[in-house]
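First the structure, in the form of structure tokens, and then the observations on it.
In the working numbering, the protein residues as written are 16 to 385.
Here it is as structure tokens:
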């Protein structure tokens with residue numbers, strides 16, 4: 016992947032990934048009212064804005080925190096999805112930007128169906144919505160006369176498109192270039208065939224408390240596990256058919272017997288829930304105390320976001336405790352200066368990394384502060 020960095024960067028800011036920006040001047044200079052700007056979304060639909068977006072409603076869950084990182088503030092977010100708001104409440108963005116806690120969040124249902132009346136009341140000039148959830152989630156908004164930026168989900172390429180699109184829509188192409196260059200620099204350190212003495216088996220659970228759901232083919236979680244040189248049993252030789260998050264029973268997990276279990280941030284499960292479960296007691300991950308809650312920073316680290324390079328490093332260190340000597344806490348601090356113009360405290364770093372609830376899991380001392 017190292018040799019794709021420059022090519023990917025050029026495609027992203029050009030025609031390849033969407034996010035086409037037409038404006039007067041260069042850098043982050045705002046276009047004139049007469050010139051406006053154009054953004055081509057992931058549907059292939061070209062949107063024309065008279066000026067950079069000033070009031071944005073975000074419905075896709077990762078979109079709010081990504082927009083905050085591009086803009087380094089919350090002043091242009093008029094509304095967001097409930098799940099985005101919950102992540103801000105549970106994470107540290109609510110501390111960094113207290114006004115984020117007051118942003119309206121009754122804009123859509125859990126299935127992303129928009130609450131058009133609520134959205135209209137926010138007087139937005141741009142709505143960010145999924146473009147791959149069927150026409151029923153976009154058409155009601157466009158029928159109401161609203162401008163909708165459509166996103167697709169799941170791949171690294173999609174994530175890079177989001178960054179370029181948001182930077183374009185906000186009139187900050189230079190900021191988008193900086194974010195992409197930083198991500199590509201991180202990505203260049205990894206290869207799809209990372210050499211490890213052993214490739215641990217890592218199972219990601221999107222849900223635990225009310226039925227098990229695992230990441231299968233064409234999920235970002237599967238991509239990340241393979242990126243850092245581990246294997247996902249749900250997509251291996253004895254894995255599942257189909258794509259996305261799939262329901263499984265404990266018998267299937269026992270058959271896979273993963274080395275590592277990752278608990279996502281879409282329910283409240285913690286490692287102790289797994290360690291205390293009689294059903295899980297014979298799994299290798301439990302015997303070796305290798306169950307970990309995925310970090311929650313500016314957004315959940317499970318799905319793709321601008322913080323994904325931090326997830327890649329955390330995942331690699333969890334996969335092989337002691338093999339990598341890397342100061343992830345220092346990298347988080349540096350990243351948060353860049354994303355949020357914020358100096359992260361030691362207590363905040365502990366919260367991001369779930370240091371308290373992961374403390375009983377093997378090797379987690381590598382993430383502790385001095």
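Note that the Cβ used here is the ideal one computed from N, Cα and C, for glycine as well.
Cβ pair residue i, residue j closer than 8 Å
i: residue 257; j: residue 232; result: yes
i: residue 391; j: residue 227; result: The question about residue 391 has no answer here: the residues shown for the chain are numbered 16 through 385.
i: residue 275; j: residue 333; result: yes
i: residue 269; j: residue 297; result: yes
i: residue 242; j: residue 205; result: yes
i: residue 331; j: residue 339; result: yes
i: residue 194; j: residue 71; result: no
Nearest-angstrom Cα separation, counted from residue j out to residue i
i: residue 131; j: residue 122; result: 7 Å
i: residue 106; j: residue 150; result: 32 Å
i: residue 181; j: residue 58; result: 15 Å
i: residue 382; j: residue 335; result: 13 Å
i: residue 124; j: residue 100; result: 13 Å
i: residue 292; j: residue 302; result: 12 Å
i: residue 110; j: residue 155; result: 34 Å
i: residue 129; j: residue 95; result: 11 Å
i: residue 225; j: residue 176; result: 33 Å
i: residue 211; j: residue 244; result: 7 Å
i: residue 354; j: residue 157; result: 31 Å
i: residue 365; j: residue 345; result: 12 Å
i: residue 56; j: residue 178; result: 12 Å
i: residue 119; j: residue 112; result: 15 Å
i: residue 337; j: residue 187; result: 40 Å
i: residue 277; j: residue 220; result: 6 Å
i: residue 148; j: residue 235; result: 17 Å
i: residue 261; j: residue 66; result: 42 Å
i: residue 238; j: residue 361; result: 30 Å
i: residue 289; j: residue 295; result: 6 Å
i: residue 369; j: residue 322; result: 16 Å
i: residue 300; j: residue 326; result: 20 Å
i: residue 52; j: residue 126; result: 31 Å
Anticipated Cβ contact below 8 Å, residue i with residue j, distance rounded
i: residue 201; j: residue 324; result: 4 Å
i: residue 163; j: residue 144; result: 5 Å
i: residue 341; j: residue 352; result: About 18 Å; that fails the 8 Å criterion.
i: residue 196; j: residue 167; result: So it is not a contact: roughly 23 Å between Cβ atoms.
i: residue 285; j: residue 372; result: 5 Å
i: residue 165; j: residue 153; result: 6 Å
Heavy atom of the ligand COA within 7 Å of residue i beta-carbon
i: residue 118; result: Of the ligands one can find in the structure shown there are none, so the ligand COA has no counterpart to examine.
8 Å CB neighbourhood of residue i in its chain, flanking five on each side removed
i: residue 135; result: 159 and 161
i: residue 64; result: 51, 52, 53, 54, 140, 141, 162 and 184
Cut-off 7 Å between Cβ atoms - residues of its own chain near residue i, not counting five sequence neighbours on either side
i: residue 248; result: 216, 218, 254, 271 and 273
i: residue 68; result: 91, 140, 141, 184 and 185
i: residue 73; result: 79, 82, 92, 95, 96, 99 and 143
i: residue 87; result: 355 and 356
i: residue 359; result: 347, 348 and 351
i: residue 60; result: 165
Residues of its chain near residue i, where Cβ-Cβ distance is below 6 Å and the 5 sequence neighbours each way are ignored
i: residue 246; result: 214 and 216
i: residue 115; result: 89, 103, 108 and 109
i: residue 240; result: 217 and 247
i: residue 76; result: 96, 98 and 99
i: residue 363; result: 107
i: residue 62; result: 54 and 162
* For the region 271–286 and the region 315–323, state whether three or more C-beta atom pairs, one from each stretch, are separated by less than 8 Å. => yes
* Asked: Three or more C-beta pairs closer than 8 Å, one from the region 370–379 and one from the region 302–311: is that the case here?
  -> yes
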